[in-house]
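In the order they appear, the protein sequences are chains A and B. Numbering-wise, the first sequence is residues 10 to 438 according to my numbering. Numbering-wise, the second sequence is residues 10 to 438 according to my numbering. Even for Gly, the Cβ is constructed at its ideal location relative to N, Cα and C. Heads up, the thing below is written out as structure tokens.
2 protein chains.
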Amino acid sequence: MSIEDIIAANKNFSNTTGKTEKPVITAIADGVCAPKGFLAAGVRCRIKKTPDKKDLALIFCRVSCNAAAVYTKNKVKAAPIYVDMQHLRDGKAQAILANSGNANACAPNGEENAEKMSAYAAAALGISPKDVIVASTGVIGVELEIAKIEEAMPALAKALSPKGSHDAALAIMTSDTYEKEYAVSVEIGNKIVKIGGISKGSGMIHPNMGTTLNFITTDVDITQELLQKALNDCVKKSFNRISVDGDTSTNDMACILADGLAANPVISSEKSEAYLAFKEALEVLCIHLAKELARDGEGASRLITCTMNGASTEEKAEIMAKSVISSNLTKAAMFGCDANWGRILCAMGYSGADFDYEKTQVYFRSAAGEIQVCENGRGLAFDEELAKKILSEEEVEIFVDLNEGTETAVAWGCDLTYDYVKINGDYRS
Amino acid sequence: MSIEDIIAANKNFSNTTGKTEKPVITAIADGVCAPKGFLAAGVRCRIKKTPDKKDLALIFCRVSCNAAAVYTKNKVKAAPIYVDMQHLRDGKAQAILANSGNANACAPNGEENAEKMSAYAAAALGISPKDVIVASTGVIGVELEIAKIEEAMPALAKALSPKGSHDAALAIMTSDTYEKEYAVSVEIGNKIVKIGGISKGSGMIHPNMGTTLNFITTDVDITQELLQKALNDCVKKSFNRISVDGDTSTNDMACILADGLAANPVISSEKSEAYLAFKEALEVLCIHLAKELARDGEGASRLITCTMNGASTEEKAEIMAKSVISSNLTKAAMFGCDANWGRILCAMGYSGADFDYEKTQVYFRSAAGEIQVCENGRGLAFDEELAKKILSEEEVEIFVDLNEGTETAVAWGCDLTYDYVKINGDYRS
Chain A
10 MSIEDIIAAN KNFSNTTGKT EKPVITAIAD GVCAPKGFLA AGVRCRIKKT PDKKDLALIF
70 CRVSCNAAAV YTKNKVKAAP IYVDMQHLRD GKAQAILANS GNANACAPNG EENAEKMSAY
130 AAAALGISPK DVIVASTGVI GVELEIAKIE EAMPALAKAL SPKGSHDAAL AIMTSDTYEK
190 EYAVSVEIGN KIVKIGGISK GSGMIHPNMG TTLNFITTDV DITQELLQKA LNDCVKKSFN
250 RISVDGDTST NDMACILADG LAANPVISSE KSEAYLAFKE ALEVLCIHLA KELARDGEGA
310 SRLITCTMNG ASTEEKAEIM AKSVISSNLT KAAMFGCDAN WGRILCAMGY SGADFDYEKT
370 QVYFRSAAGE IQVCENGRGL AFDEELAKKI LSEEEVEIFV DLNEGTETAV AWGCDLTYDY
430 VKINGDYRS
Chain B
10 MSIEDIIAAN KNFSNTTGKT EKPVITAIAD GVCAPKGFLA AGVRCRIKKT PDKKDLALIF
70 CRVSCNAAAV YTKNKVKAAP IYVDMQHLRD GKAQAILANS GNANACAPNG EENAEKMSAY
130 AAAALGISPK DVIVASTGVI GVELEIAKIE EAMPALAKAL SPKGSHDAAL AIMTSDTYEK
190 EYAVSVEIGN KIVKIGGISK GSGMIHPNMG TTLNFITTDV DITQELLQKA LNDCVKKSFN
250 RISVDGDTST NDMACILADG LAANPVISSE KSEAYLAFKE ALEVLCIHLA KELARDGEGA
310 SRLITCTMNG ASTEEKAEIM AKSVISSNLT KAAMFGCDAN WGRILCAMGY SGADFDYEKT
370 QVYFRSAAGE IQVCENGRGL AFDEELAKKI LSEEEVEIFV DLNEGTETAV AWGCDLTYDY
430 VKINGDYRS
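Here it is, written out as structure tokens:
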């Protein structure tokens with residue numbers, strides 16, 4: 010059976026359960042500045058050692074926003090995380106200030122410097138320091154050069170612009186090779202609602218967030234409680250479904266500001282169609298950014314998608330899909346375009362999830378075609394040359410059918426390359 | 010405070026708890042053939058594609074042995090594992106037959122071929138097939154060429170010799186760059202008891218065993234129950250404390266045969282001094298072999314030891330030590346001789362164990378000296394040149410003091426190198 014046939018069989022089953030029609034979600038320009046009311050900027054303040062690289066980003070909203078965030082699960086948290094937890098207690102914020110080049114984690118005067126970042130931004134923007142979310146990313150254990158941020162703040166505030174999303178996306182990059190920004194629109198209650206986001210990777214990335222910073226803006230009108238709930242649910246299916254190297258960072262966070270300027274009837278019930286449409290659009294945005302983070306993983310030469318189909322529960326499918334894309338051996342095989350499917354079964358086997366490998370099918374798929382390599386847990390004689398061709402593409406899917414049920418989960422990762430080792434052998438210099 | 014001072018302070022505390030004197034354990038020659046009664050051999054049967062490489066090993070005891078084993082925790086287990094579980098139900102065995110080059114996992118006719126291996130060995134040795142332990146290691150998903158094993162069996166049995174441990178150690182290697190064998194002696198009840206072992210690595214290695222095969226022989230007289238208990242306890246502190254790449258194999262096992270020919274009074278109480286002396290010697294042997302597996306991890310250029318000192322419980326110390334030596338980012342930094350201690354704290358933080366990082370000290374130590382890089386969770390200004398010199402040695406220790414209690418755990422790993430990626434990018438060819 011082809012992958013499409015398997016998916017179709019699953020979809021037919023799902024349709025009988027009576028789902029409503031999907032909202033139309035459209036990709037739009039301008040990243041975090043796409044939603045009404047938001048401005049952004051990115052400048053160089055010289056914390057990054059590389060010349061000419063921007064390293065200080067600011068996102069600002071003309072009005073006060075409902076705000077929600079999720080943070081790293083690492084027991085060792087960077088100072089800005091603790092400061093943000095305090096600042097977001099009232100569920101309100103109006104600006105995000107982030108630097109790259111220094112993580113302000115395990116560093117002298119950490120919380121003091123993170124509070125100073127808030128204070129400098131607040132003074133430049135004429136708002137309360139409690140309404141500023143701060144974030145840092147870069148090397149751990151070195152004191153933040155806070156004077157450089159103070160010095161750059163007037164120029165940063167002055168640079169705020171409705172076209173500034175791209176600069177902000179550049180300024181939060183560390184070892185990322187390109188900036189990540191995206192925006193979508195969706196109709197809710199006869200109004201056009203927009204959601205925009207910028208993200209950075211690209212190492213120390215693992216299911217519980219990784220060194221990812223994800224800043225999202227939206228003009229939807231929604232209660233703070235439902236904004237937090239939508240963010241939690243979407244992060245679970247996007248940023249928590251990627252892995253670059255198995256290391257969960259001290260600094261990860263995703264946050265969202267919602268200013269309500271789209272003027273839709275306020276979303277206050279999680280059963281409403283409006284909520285479901287907003288969540289669907291937010292999920293599309295988060296998955297897009299998450300895939301970009303995986304694709305641009307340190308040293309990566311290709312994006313690996315693992316689809317775990319036909320599971321009895323989504324949780325089990327998720328555990329196994331994450332285990333596959335996290336396996337160093339599978340990742341190295343993908344780098345070598347080697348159809349070593351035994352490592353995929355092996356990674357599913359040590360994931361902790363229970364399954365019957367003798368009912369398991371494994372396929373590889375890409376723009377160059379698809380090929381089944383394992384049937385009912387046993388090796389198939391397959392065309393090695395076709396397999397190599399399929400695995401040589403820039404986007405490769407590992408499709409596993411468990412033949413146990415109708416649940417599916419998708420996870421994203423990248424290959425393990427010489428460059429990953431090179432980049433991380435001497436990161437601090 | 011220096012590392013020695015910290016350890017001394019801990020030892021002084023331990024001494025007040027009234028431990029008995031340690032038995033004298035001496036390294037001896039001849040590997041698995043060191044204990045009385047054991048013979049071994051290794052030959053080439055042409056399963057491995059590389060010319061001239063041995064790929065079939067046999068260990069045989071003149072008399073029936075008490076036998077114990079521990080197996081991979083991977084849900085996907087290779088066929089020989091299932092066969093061994095059956096064969097060892099009576100706690101007795103007399104021979105071990107192992108091939109390299111093919112894992113006989115997820116392969117057509119897996120259990121049938123594993124049973125055939127037992128039958129061929131039994132016929133050649135004149136024993137019951139149920140007294141043969143079988144093992145396979147190599148590529149997953151390809152049918153075992155059982156005829157080659159059948160054909161080679163007479164020559165293999167004929168080659169059995171009290172000097173055959175080295176050949177057997179060579180014949181179980183896959184991507185190992187050198188053979189691993191070791192033996193120790195210890196006095197128990199006025200008799201000299203010997204323990205010998207051979208092991209193979211070297212990728213797909215993670216705390217729950219890895220693709221490690223570990224065959225251990227001893228002439229101690231001990232009940233089967235206590236033999237199993239001693240093996241379980243020692244594996245926990247040795248083979249389960251190493252990681253090369255985070256992948257737990259389908260084929261891992263450690264087994265031990267005890268023939269009683271040392272003629273010591275049978276060990277039947279786990280409280281006896283004799284049991285404790287045997288267990289101590291077995292632990293020394295297992296730790297030696299485990300460290301060799303880590304040192305020779307795929308592509309490794311150095312052995313990394315992580316000592317987690319001053320913990321409130323050994324379990325917690327073990328979780329964090331394993332997390333550190335498993336971290337790709339830490340491993341890549343070790344390859345680059347980069348004293349990036351933030352990654353160590355980060356790996357401890359996401360391990361799941363609870364600790365107060367603001368009480369944590371981090372040191373690096375090797376033959377070139379020692380250096381403290383982190384004090385109470387904060388970066389210290391340290392001599393980068395000295396740090397680089399220390400980290401350039403072939404054996405490097407990451408010493409962490411948690412300042413919470415008196416428990417310690419040690420784990421071993423290796424650095425992540427270009428060669429790891431190269432080896433695993435195209436393993437099957």
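For the segment 114-135 of chain B, enumerate the residues whose C-beta is nearer than 8 Å to any C-beta of chain A, in chain order.
A114, C115, A116 and P117
What separation, rounded to the nearest whole angstrom, lies between the Cα atoms of S258/B and T221/B?
8 Å
Can you check DSSP and say which residues form a bridge with N337/A?
Note: N337/A sits in no beta bridge, so no partner.
Does any C-beta atom of chain A lie closer than 8 Å to the C-beta of T25/B?
The predicted model places T25/B with a pLDDT of 48, which falls under 50 and marks its position as unreliable; any figure quoted below should be read in that light. No, T25/B lies away from the interface with chain A (no Cβ there is under 8 Å from its Cβ).
Please check if any C-beta of chain B sits within less than 8 Å of the C-beta of A17/A.
no
Beta-carbon spacing of G110/B, K172/B below 8 Å:
no
Just to make sure I have the definition right: I need the residues of chain A whose C-beta is within less than 9 Å of the C-beta of I149/B. Which are they?
N349, W350, G351, R352, L354, C355 and G388
Please list the segments of the beta strand (DSSP E) lying wholly inside the segment 220-306 of chain A, counting only runs of 3 or more residues, in order along the chain.
222-227 and 262-267
Quick one: what's got a C-beta closer than 6 Å to K398/A's C-beta in the same chain, skipping five residues either side?
A377
By how many angstroms is the C-alpha of Y359/B removed from the C-alpha of N217/A?
Because the pLDDT of N217/A is 42, which lies under 50, any placement of that residue in the model is unreliable, and the number read from its coordinates should be weighed accordingly. Cα to Cα, N217/A sits roughly 9 Å from Y359/B.
Can you name the residues that DSSP bridges to K189/A?
S208/A
Report the rounded CA-to-CA distance for I231/A versus V275/A, giving the unit in angstroms.
5 Å
Residues of the segment 70-88 of chain A with a CB closer than 9 Å to any CB of chain B: list them in chain order, please.
T81, K82, N83, K84, V85 and K86
When burial is assigned at 16 or more other CB atoms within 10 Å of the CB, is D14/B buried or exposed?
exposed
Leaving out the 5 sequence neighbours to the left and right, which residues in its chain are closer than 6 Å to Q233/B when beta-carbon positions are compared?
N75 and G100
Going along the chain, which unbroken runs of the alpha helix (DSSP H) with 4 or more residues stay wholly within the segment 83-150 of chain B?
88-96 and 119-134
Compare the Cα-Cα distances from K431/A to each of K139/A, A309/A and P44/A and report the closest residue.
A309/A
Please report how far the alpha carbon of N412/A lies from the alpha carbon of K368/A, in whole angstroms.
6 Å
Pick out whichever of I90/A, E292/A and G119/A has its Cα sitting closest to the Cα of T35/A.
E292/A
Hey, out of L266/A, K238/A, G269/A and L294/A, whose CA is closest to E280/A's CA?
In the sequence under discussion, the amino acid at residue 280/A is Lys, which differs from the Glu named in the question. It is K238/A whose Cα lies nearest to the Cα of K280/A.
Buried versus exposed call for T227/B [16 or more other C-beta atoms within 10 Å across all chains shown]:
buried
Where Q95/A falls, given that 16 or more other Cβ within 10 Å makes a residue buried
exposed
Pop quiz: L266/B and C115/B are said to be a contact at Cβ under 8 Å. What is the actual Cβ separation, rounded to whole angstroms?
Contact flag wrong, Cβ pair sits at about 28 Å.
Please confirm whether T59/A has its beta-carbon closer than 8 Å to some beta-carbon of chain B.
no
Since N122/A contacts A88/A with CB under 8 Å, what's their CB separation in whole angstroms?
7 Å
Interface residues of chain B around Y284/A at Cβ under 7 Å?
Those do not exist, as Y284/A stays about 33 Å from chain B at its closest Cβ, beyond 7 Å.
Any chain A beta carbon closer than 8 Å to F391/B
no
Could you tell me the distance, in whole angstroms, from the CA atom of H175/B to the CA atom of A330/B?
32 Å
With a threshold of 8 Å between beta-carbons, can F47/B be considered close to chain A, or not?
no
Within the chosen definition, does the segment 303-318 of chain A reach the segment 419-427 of chain A through at least 3 CB pairs nearer than 8 Å?
yes
Quick check: what's the CA-CA separation for E289/B versus V202/B?
12 Å
Pull up the CB-CB distance for G150/A and C383/B, whole angstroms please, since I reckon it's below 8 Å.
7 Å
CA-to-CA distance, N273/B to Y284/B, given in whole angstroms:
11 Å
In chain A, what lies closer than 8 Å to D363/B by C-beta?
K84
Could you please give the first and the last residue of the uninterrupted alpha helix (DSSP H) stretch that includes Y80/B?
That residue, Y80/B, is in no alpha helix (DSSP H); its beta strand (DSSP E) goes L65 to Y80.
Quick check on V33/B: does DSSP put it in helix, strand or coil?
coil
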